[in-house]
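Student: Can you keep this structure in mind? I'll have questions shortly.
What follows is the structure in structure tokens.
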């Protein structure tokens, strides 16, 4: 009912709704949706989960009309926060991880297989299952028989009249529950699936089902971060994730520096040769370039318009917020030249909002929501929110985000001090700094970059343990 419900993709249970509100103009979507393995990093709220959910084949199978040829991969979505954290999060030491190595890989294999079988079940319900997808009764039985043999340690009773894929799904879920309970009891399973299980499964899919010969299967492991799974569990799962197979790839998302890239054999995944790292924050900040600014604007507009449409609002981003325009020529100049008696209205317009966003989509939605509250926008509203109201809303969100740093553990006060000092530095440069000539005008200096300069041949400065932790926490 509100365009600002479901700030997190994990809260959207309906795949149809997620696809309908997804902004395809996301500037880094092309990189993530390609056929290569990748590691997508960025802060919480930057849209990693939303992109991965949208890339899953299952999400599109429920749509009334979709051109599947437009999809570049056949995605199978796995959520660490939903499906793995509560099951494996208690394994926090290396001895525990080694003891249950087989069970950890087995549970992960089952989780991925469940997603594959569920997706195949949705395809099997379609009228074009054979003509377009190449999934006939014979292929369905082949997949069923292979999975049954691969999970030979599981008890299973065939039931007449129940689709084979549905029976397979129930078998997998029962085996997942059994494996989890055995681990909690401190017991090992008599038989577990091998590291090569998923590779063998995708080899079968590519061989038997025509669609997967043209659309490479990709396992989308979302939020593969140390705050979800300990580094010891990650190291074990990496034996599966970074196996090189031509029949599938893995795509991971994590917080910056949240994914451990070496496995239990001390092999390390090379971010330049074996996979592509896509840093959402860096990607969005790079849109400051003049030729890329339009992409950030298109993304912000589509993000809001899609949500307004699904909530049945009459207005659009252009109607309710409007465009940015400053008599002084730019936002920086307007901020540096406040006029007496003038109300604060410098922060306004969709272009300004797009420039303020640093890749955190949830913060972008928070700004929009605060503006709508200030302008008392309802479903039928078509009147533009005042510039003063927009500026006040942006400043209020900014203050809240700054104050939210303080309680962060364990370096909240230190990080707050750094951010506050940098903000004051930038303000002083803007309002008190030397002006630069630009054409016929003298404009304020640009905000400085934070860099560490080293003299030629000098040894790089090293950070102490606490400083290093603080630096990582800031990133």
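Residue numbers (our numbering): 1010 to 1484. Here a beta-carbon is modelled for each residue, glycine too, at the ideal position from N, C-alpha and C.
For residue 1047, list the residues DSSP reports as bridge partners.
Tutor: Numbered from its first residue, the chain shown carries residue 1047 at position 38. Answer is 1260 and 1285, bridged to residue 1047.
Student: Beta-carbon within less than 6 Å of residue 1092's beta-carbon, same chain only, minus the 5 sequence neighbours each way: which residues are those?
Tutor: Counting from one through the chain shown, the residue named residue 1092 turns up at place 83. For residue 1092, where only same-chain residues beyond five positions count, the Cβ hits under 6 Å are 1120.
Student: Taking 8 Å as the threshold, find out whether the segment 1246-1260 comes into contact with the segment 1200-1219 through three or more Cβ pairs.
Tutor: Cβ pair count under 8 Å is three or more, so yes.
Student: Whose CA, out of 1339, 1425, 1317 and 1422, lies closest to the CA of residue 1389?
Tutor: Working through the chain shown from its first residue, we reach residue 1389 at position 380. Nearest option by C-alpha distance: 1317.
Student: Quick one: complete alpha helix (DSSP H) runs, 4+ long, within the segment 1106-1156?
Tutor: Runs of the alpha helix (DSSP H) inside the segment 1106-1156: 1110-1133.
Student: Measure the Cβ-Cβ separation of residue 1227 and residue 1082 and say whether it is below 9 Å.
Tutor: By 1-based counting over the chain shown, the position of residue 1227 is 218. By 1-based counting over the chain shown, the position of residue 1082 is 73. A contact, by the Cβ cut-off of 9 Å.
Student: From residue 1325 to residue 1313, what does the alpha carbon distance come to, in whole angstroms?
Tutor: What you label residue 1325 is simply residue 316 of the chain shown in a count that begins at 1. What you label residue 1313 is simply residue 304 of the chain shown in a count that begins at 1. Cα to Cα, residue 1325 sits roughly 8 Å from residue 1313.
Student: Considering only DSSP beta bridges, list what residue 1480 is partnered with.
Tutor: For the purposes of this step, residue 1480 is identified with residue 471 of the chain shown, where counting begins at 1. Note: residue 1480 sits in no beta bridge, so no partner.
Student: Have a look at 1311, 1392, 1284 and 1337 and flag the residue whose alpha-carbon is nearest the alpha-carbon of residue 1323.
Tutor: If you number the chain shown from 1, residue 1323 lands on position 314. Nearest option by C-alpha distance: 1392.
Student: Out of 1100, 1089 and 1035, which one is the CA nearest neighbour of residue 1063?
Tutor: If you number the chain shown from 1, residue 1063 lands on position 54. Selected option, being the one with the closest Cα: 1035.
Student: Anyone know if the C-beta pair for residue 1210 and residue 1156 falls short of 9 Å?
Tutor: Position 201 of the chain shown, counting from 1, holds the residue named residue 1210. Position 147 of the chain shown, counting from 1, holds the residue named residue 1156. Yes, Cβ-Cβ distance for residue 1210 and residue 1156 is below 9 Å.
Student: Unbroken alpha helix (DSSP H) runs of length 4 or more, entirely within the segment 1194-1240: which are they?
Tutor: Counting only runs of 4 or more, we get 1206-1217 and 1220-1223.
Student: From the DSSP output, in three-state form, read off residue 1358 for me.
Tutor: Mapped onto the chain shown, residue 1358 falls at position 349. Residue 1358: coil per DSSP, three-state reduction.
Student: Could you tell me whether the Cβ atoms of residue 1139 and residue 1174 are closer together than 9 Å?
Tutor: In the chain shown, counting from the first residue as 1, residue 1139 sits at position 130. In the chain shown, counting from the first residue as 1, residue 1174 sits at position 165. No; because the gap between Cβ atoms is not below 9 Å, this pair is not in contact.
Student: Mind checking who residue 1291 pairs with in its DSSP beta bridge?
Tutor: As a first step, residue 1291 is located in the chain shown; it is residue number 282 there, counting from the start. Residue 1291 is not bridged to any residue.
Student: Pull the bridge partners of residue 1452 from the DSSP assignment, please.
Tutor: Translated into positions along the chain shown, residue 1452 becomes position 443. Answer is 1445.
Student: Going by beta-carbon coordinates alone, are residue 1333 and residue 1360 separated by less than 9 Å?
Tutor: For this step, residue 1333 is matched to residue 324 along the chain shown. For this step, residue 1360 is matched to residue 351 along the chain shown. Yes, Cβ-Cβ distance for residue 1333 and residue 1360 is below 9 Å.
Student: Are there 16 or more other CB atoms within 10 angstroms of the CB of residue 1116, so buried, or fewer, so exposed?
Tutor: Position 107 of the chain shown holds residue 1116. Buried: at least 16 other Cβ atoms inside 10 Å.
Student: In whole angstroms, what is the alpha-carbon distance linking residue 1471 and residue 1427?
Tutor: Within the chain shown, residue 1471 is the residue found at index 462, counting from 1. Within the chain shown, residue 1427 is the residue found at index 418, counting from 1. For residue 1471 and residue 1427, the distance between alpha carbons rounds to 19 Å.
Student: For residue 1403 and residue 1432, I'd like the C-alpha separation in whole angstroms.
Tutor: As a working mapping, residue 1403 is identified with position 394 in the chain shown. As a working mapping, residue 1432 is identified with position 423 in the chain shown. Each residue's Cα considered, the two are about 16 Å apart.
Student: Can you give me the C-alpha to C-alpha distance between residue 1190 and residue 1203, rounded to a whole angstrom?
Tutor: On the chain shown, position 181 is the one that residue 1190 refers to. On the chain shown, position 194 is the one that residue 1203 refers to. Taking the straight line from one Cα to the other gives about 20 Å.
Student: If you drop the 5 nearest sequence neighbours on each side, which residues of the same chain put their C-beta closer than 8 Å to that of residue 1161?
Tutor: In the chain shown, residue 1161 corresponds to position 152, counting from 1. So the qualifying residues of the chain are 1200.
Student: Here's the rule I'm using: 16 or more other beta-carbon atoms within 10 Å means buried, otherwise exposed. How should residue 1448 be labelled?
Tutor: The residue you call residue 1448 lines up with position 439 of the chain shown. Exposed, because fewer than 16 other Cβ atoms sit within 10 Å of the Cβ of residue 1448.
Student: From this set, 1060, 1283, 1369 and 1186, which residue's C-alpha is nearest residue 1021's C-alpha?
Tutor: Working through the chain shown from its first residue, we reach residue 1021 at position 12. The residue with the shortest Cα to Cα distance from residue 1021 is 1060.
Student: Helix, strand or coil: how does DSSP classify residue 1267 here?
Tutor: As a first step, residue 1267 must be located in the chain shown, where it is residue number 258. Looking at residue 1267 - three-state DSSP - the assignment turns out to be coil, as it is neither helix nor strand.
Student: Using a Cβ distance threshold of 8 Å, determine whether the segment 1034-1051 contacts the segment 1399-1414, with at least three qualifying pairs required.
Tutor: Short answer: they don't touch.
Student: How many Å lie between residue 1146 and residue 1023 at the Cα?
Tutor: Here residue 1146 refers to the residue found at position 137 when the chain shown is read from its first residue. Here residue 1023 refers to the residue found at position 14 when the chain shown is read from its first residue. Cα to Cα, residue 1146 sits roughly 29 Å from residue 1023.
Student: Below 8 Å on the Cβ atoms is my guess for residue 1019 versus residue 1090; work out the distance and round it to an integer in Å.
Tutor: Numbered from 1 along the chain shown, position 10 holds the residue referred to as residue 1019. Numbered from 1 along the chain shown, position 81 holds the residue referred to as residue 1090. Between residue 1090 and residue 1019 the Cβ distance is about 6 Å, and since that is below 8 Å, they are a contact.
Student: Can you give me the Cβ contacts of residue 1269 inside the same chain, cut-off strictly under 8 Å, excluding the 5 residues immediately before and after it?
Tutor: Start at 1 with the first residue of the chain shown, and residue 1269 comes out as number 260. Contacts found: 1235, 1240, 1243, 1244 and 1247.
Student: Give me, in chain order, the residues of the same chain whose beta-carbon lies closer than 8 Å to that of residue 1153; leave out the 5 immediate sequence neighbours on both sides.
Tutor: Reading the chain shown from its first residue, position 144 is the one you call residue 1153. Only 1173, 1174, 1176 and 1177 meet the Cβ criterion.
Student: What is the residue span of the beta strand (DSSP E) that residue 1087 lies within?
Tutor: Locating residue 1087 in the chain shown gives position 78, where the first residue counts as 1. That run of the beta strand (DSSP E) goes 1082-1088.
Student: Within the same chain, show all residues whose beta-carbon is closer than 6 Å to that of residue 1384, passing over the 5 residues directly before and after it, in chain order.
Tutor: For this step, residue 1384 is matched to residue 375 along the chain shown. Within the same chain, residue 1384 has close Cβ partners 1394 and 1398.
Student: Could you please give me the residues that DSSP links to residue 1065 through a beta bridge?
Tutor: As a working note, residue 1065 is residue 56 in the chain shown. Paired residues: 1084.
Student: Quick check: what's the CA-CA separation for residue 1106 versus residue 1100?
Tutor: Here residue 1106 refers to the residue found at position 97 when the chain shown is read from its first residue. Here residue 1100 refers to the residue found at position 91 when the chain shown is read from its first residue. Roughly 6 Å between the two C-alpha positions.
Student: Should residue 1484 be labelled buried (16 or more other beta-carbon atoms within 10 Å of its own) or exposed?
Tutor: Reading the chain shown from its first residue, position 475 is the one you call residue 1484. Looking at its Cβ environment, which holds fewer than 16 other Cβ atoms inside 10 Å, residue 1484 is exposed.
Student: To the nearest angstrom, how far is the alpha carbon of residue 1416 from that of residue 1422?
Tutor: Counting from 1 along the chain shown, the entry for residue 1416 is found at position 407. Counting from 1 along the chain shown, the entry for residue 1422 is found at position 413. Approximately 7 Å, taken between the alpha carbons.
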